[in-house]
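Student: Just passing along the structure, written as structure tokens.
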């Protein structure tokens, strides 16, 4: 009974280990799957793939560690186990096997023990297979982890690139908005410049008219002065005539004086001289009257010239004033042209800035595209690895079923031993 | 590292802003520091160099600087801004022209032009 009691404990322990091993492999992924289902998360989404991958990784890691703890003694051939009494290995299964071997050495191996031995060998083989599959699965999940890390890194890069695109787009939008506003402003300035140019043209036309008026007045002045010149010539001629008359009068006076000396003898001759003197006096009076008339005309002409010159002076003053207006108008036009010129230069620079920003956007878009391609490749790789994982999990499931069968058979052996 | 530097040359205060204030409080601290120097009787002109500013300030920070510039426009004879982009320069100049202050408030993208406008083309920023 003592032997049976010890054997029961070992069998039960082995069964418990097998049960726990199966539970560990399946529990975490099933719970994760259940959480995704009740959370209504699509199993095709990246988050679901990542979650299930991490859950599988965790469960497989636990299974690997647990399997290592449980089955490492069976990595050696059972027959090669040192039975000389070295108890350095304290694993319960190991102890049980060791105990069983010692019993078989001391006693003949009966049929039941042989069956147990076979079961143990099958368990060892299944465990090896299971561990091998677990190792492969661990590698696969590591590959998934690396791919997911690359995906995450790519997502960071994409985020940065999109941020850059956003910044550049905002700058481009601001620049284009300002160009639009400035264009409206310059449009108004251009209208003002056009209006000023028209005013300038009117003022210049007016100034031209005044210059024509001044020219006409100067012509009139020249005519009047020419008339005056003519009249002055006539005055000169009359004055010559008066001089001649005066000379003749003197001569006649001399003759009259001579005749007077001979008055008594030649009274008739004196009478002729007197007649001549009278005629000269009449001529002198006529010349004087004519001269007076000419002088009146000259005075009138002079007044006319003065009036024309005064009028010209006023017109010239108005012209000077018009020139001031023209100067102001052209100053305004110049300012407007400066505004338009500055705008055109700014516009050129702004367009250059927009071009630079758009180059940045294009470059960032290329980065995003490249990272997206890389992400697609990573996702395809993950899908492939997940398919491999699925196959591995089927192997694990198969091994677990085999182990379950073995545990059932062991349980039967235990029952047989117990009721023997 | 300091976020700004100030230099006085003749009657001009040169304010070089390296990095925009992140909070309203920080912006007020910076604005008050500049205002304190601008209130000195010998300072008549303000040269605001924003050419190194990248990005857009927060609205509350913009409000602080907006109020400060209002004060500057009514207390300082001449004010020039070196803008970080031609679009910002165009905007400032358009607003200045509209307000009729273009002769006293102007924006540039080149520091040399701003120094010329301030009447100190000989001023060397990196000296003294």
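Chains as they are written, first to last, in the UniProt record's numbering: chain V, 1 to 420; chain P, 1 to 128.
Glycine residues also receive a C-beta, built at the ideal position from the N, C-alpha and C atoms.
Name the one or two DSSP bridge partners that residue 80 of chain P has.
Tutor: As a position in the second chain, residue 80 of chain P is number 80, starting the count at 1. Answer by DSSP bridge pairing, in chain order: P:47, P:106.
Student: Starting from the Cα of residue 163 of chain V, find the closest Cα among V:397, V:376, V:416, V:367 and give me that residue.
Tutor: As a position in the first chain, residue 163 of chain V is number 163, starting the count at 1. Taking only the C-alpha atoms, the option nearest residue 163 of chain V is V:367.
Student: Spell out the partners DSSP gives residue 5 of chain P in its beta bridges.
Tutor: As a working note, residue 5 of chain P is residue 5 in the second chain. DSSP lists P:16 as partners of residue 5 of chain P.
Student: If you draw a straight line from the C-alpha of residue 301 of chain V to the C-alpha of residue 191 of chain V, how long is it?
Tutor: The count along the first chain starts at 1 and reaches residue 301 of chain V at position 301. The count along the first chain starts at 1 and reaches residue 191 of chain V at position 191. Answer to the nearest angstrom: the Cα atoms are 52 angstroms apart.
Student: Using the beta-carbon of each residue, which ones in chain P are nearer than 8 angstroms to residue 175 of chain V?
Tutor: Counting from one through the first chain, the residue named residue 175 of chain V turns up at place 175. Per Cβ cutoff of 8 angstroms: 85, 86, 87.
Student: CB-CB under 6 angstroms to residue 29 of chain V, same chain, minus the five flanking residues each way: which ones, in chain order?
Tutor: As a working mapping, residue 29 of chain V is identified with position 29 in the first chain. Excluding sequence neighbours, residue 29 of chain V sits near 55, 56, 59.
Student: Within the segment 383-407 of chain V, note down every full beta strand (DSSP E) run reaching 3 residues or more, in order along the chain.
Tutor: Entirely contained in the segment 383-407 of chain V, not one beta strand (DSSP E) run reaches 3 residues.
Student: Alpha carbon to alpha carbon, what distance is there between residue 398 of chain V and residue 134 of chain V?
Tutor: Reading the first chain from its first residue, position 134 is the one you call residue 134 of chain V. Reading the first chain from its first residue, position 398 is the one you call residue 398 of chain V. Whole-angstrom Cα-Cα distance: 13 angstroms.
Student: Of all the options P:85, P:105, P:119, which has the alpha carbon lying nearest to the alpha carbon of residue 50 of chain P?
Tutor: Indexing the second chain from 1 puts residue 50 of chain P at position 50. Of the listed residues, the one whose Cα sits closest to residue 50 of chain P is P:85.
Student: Output needed in chain order: residues of the segment 348-377 of chain V with a Cβ under 7 angstroms from some Cβ in chain P.
Tutor: Within the segment 348-377 of chain V, the qualifying residues are 349, 350, 353.
Student: Give the range of the alpha helix (DSSP H) segment to which residue 98 of chain P is assigned.
Tutor: Start at 1 with the first residue of the second chain, and residue 98 of chain P comes out as number 98. It spans 86-99 - the alpha helix (DSSP H) in which residue 98 of chain P sits, taken as one unbroken run.
Student: In the segment 178-189 of chain V, which residues sit with their C-beta less than 7 angstroms from some C-beta in chain P, listed in chain order?
Tutor: If the cut-off is 7 angstroms between Cβ atoms, the segment 178-189 of chain V has 178, 181, 182, 185 near chain P.
Student: Name the chain P residues whose beta carbon is nearer than 8 angstroms to that of residue 307 of chain V?
Tutor: Working through the first chain from its first residue, we reach residue 307 of chain V at position 307. The premise fails here: residue 307 of chain V is roughly 48 angstroms from chain P at the closest Cβ pair, so nothing lies under 8 angstroms.
Student: Are the CB atoms of residue 361 of chain V and residue 186 of chain V nearer to each other than 8 angstroms?
Tutor: For the purposes of this step, residue 361 of chain V is taken as the residue at position 361 of the first chain. For the purposes of this step, residue 186 of chain V is taken as the residue at position 186 of the first chain. Result no, Cβ atoms of residue 361 of chain V and residue 186 of chain V do not sit closer than 8 angstroms.
Student: Classify residue 296 of chain V: buried if its beta carbon has 16 or more other beta carbons within 10 angstroms, exposed otherwise.
Tutor: Start at 1 with the first residue of the first chain, and residue 296 of chain V comes out as number 296. By the neighbour-count rule (16 or more Cβ atoms within 10 Å), residue 296 of chain V is not buried but exposed.
Student: Report the neighbours of residue 346 of chain V on chain P: residues whose CB is nearer than 9 angstroms to its CB, in chain order.
Tutor: Within the first chain, the letter at position 346 stands for residue 346 of chain V. Neighbours of residue 346 of chain V on chain P, chain order: 86, 87, 89, 90, 93, 109.
Student: Assuming contact is defined by CB atoms lying nearer than 8 angstroms, are residue 382 of chain V and residue 38 of chain V in contact in what I supplied?
Tutor: What you label residue 382 of chain V is simply residue 382 of the first chain in a count that begins at 1. What you label residue 38 of chain V is simply residue 38 of the first chain in a count that begins at 1. The answer is no: Cβ separation not under 8 angstroms.
Student: Can you tell me the Cα-Cα spacing of residue 131 of chain V and residue 116 of chain V, whole angstroms?
Tutor: For the purposes of this step, residue 131 of chain V is identified with residue 131 of the first chain, where counting begins at 1. For the purposes of this step, residue 116 of chain V is identified with residue 116 of the first chain, where counting begins at 1. Each residue's alpha carbon lies about 22 angstroms from the other.
Student: If I measure Cβ to Cβ from residue 189 of chain V and keep anything under 6 angstroms in the same chain, skipping five residues before and after, which residues do I get?
Tutor: Counting from 1 along the first chain, the entry for residue 189 of chain V is found at position 189. Closer than 6 angstroms at the Cβ level, and outside the excluded window around residue 189 of chain V, lie 336, 339.
Student: Roughly how far, in whole angstroms, is the beta-carbon of residue 252 of chain V from the beta-carbon of residue 282 of chain V, given that I think they are within contact range, below 8 angstroms?
Tutor: In the first chain, counting from the first residue as 1, residue 252 of chain V sits at position 252. In the first chain, counting from the first residue as 1, residue 282 of chain V sits at position 282. No, residue 252 of chain V and residue 282 of chain V are not in contact; Cβ-Cβ is about 13 angstroms, not under 8 angstroms.
Student: Using the three-state DSSP reduction, which class does residue 433 of chain V fall into: helix, strand or coil?
Tutor: Because chain V in this structure spans residues 1 to 420, residue 433 of chain V falls outside the shown range and cannot be described.
Student: Taking residue 64 of chain V as the reference, give the member of V:316, V:139, V:324 with the closest Cα.
Tutor: As a first step, residue 64 of chain V must be located in the first chain, where it is residue number 64. When each option's Cα is compared against that of residue 64 of chain V, the closest is V:139.
Student: Is residue 20 of chain P closer than 8 angstroms to residue 53 of chain P when the C-beta atoms are compared?
Tutor: By 1-based counting over the second chain, the position of residue 53 of chain P is 53. By 1-based counting over the second chain, the position of residue 20 of chain P is 20. Contact flag set, yes.
Student: Any idea if residue 141 of chain V is buried or exposed, counting beta-carbon neighbours within 10 angstroms, 16 or more meaning buried?
Tutor: As a first step, residue 141 of chain V is located in the first chain; it is residue number 141 there, counting from the start. By the neighbour-count rule (16 or more Cβ atoms within 10 Å), residue 141 of chain V is buried.
Student: Roughly how many angstroms lie between the CA atoms of residue 237 of chain V and residue 306 of chain V, to the nearest whole one?
Tutor: Position 237 of the first chain, counted from the start, is the residue given in the question as residue 237 of chain V. Position 306 of the first chain, counted from the start, is the residue given in the question as residue 306 of chain V. Approximately 26 angstroms, taken between the alpha carbons.
Student: Starting from the N-terminal side, write out each stretch of the beta strand (DSSP E) that is 3 residues or longer and does not extend beyond the segment 162-197 of chain V.
Tutor: If we require 3 residues or more, the segment 162-197 of chain V turns out to have no beta strand (DSSP E) run fully inside it.
Student: In angstroms with no decimal places, state the Cα-to-Cα distance between residue 101 of chain P and residue 70 of chain P.
Tutor: For the purposes of this step, residue 101 of chain P is identified with residue 101 of the second chain, where counting begins at 1. For the purposes of this step, residue 70 of chain P is identified with residue 70 of the second chain, where counting begins at 1. Spanning the two alpha carbons is a distance of roughly 12 angstroms.
Student: Look at the Cβ atom of residue 107 of chain P, then the Cβ atom of residue 93 of chain P, and state whether they are nearer than 8 angstroms.
Tutor: On the second chain, residue 107 of chain P is found 107 positions in, with the first residue counted as 1. On the second chain, residue 93 of chain P is found 93 positions in, with the first residue counted as 1. Yes, the pair counts as a contact, with Cβ atoms nearer than the cut-off.
Student: For residue 63 of chain P, does the count of other Cβ atoms within 10 angstroms reach 16, so buried, or fall short, so exposed?
Tutor: Translated into the one-based positions of the second chain, residue 63 of chain P becomes position 63. Answer is exposed; the Cβ neighbour count stays below 16.
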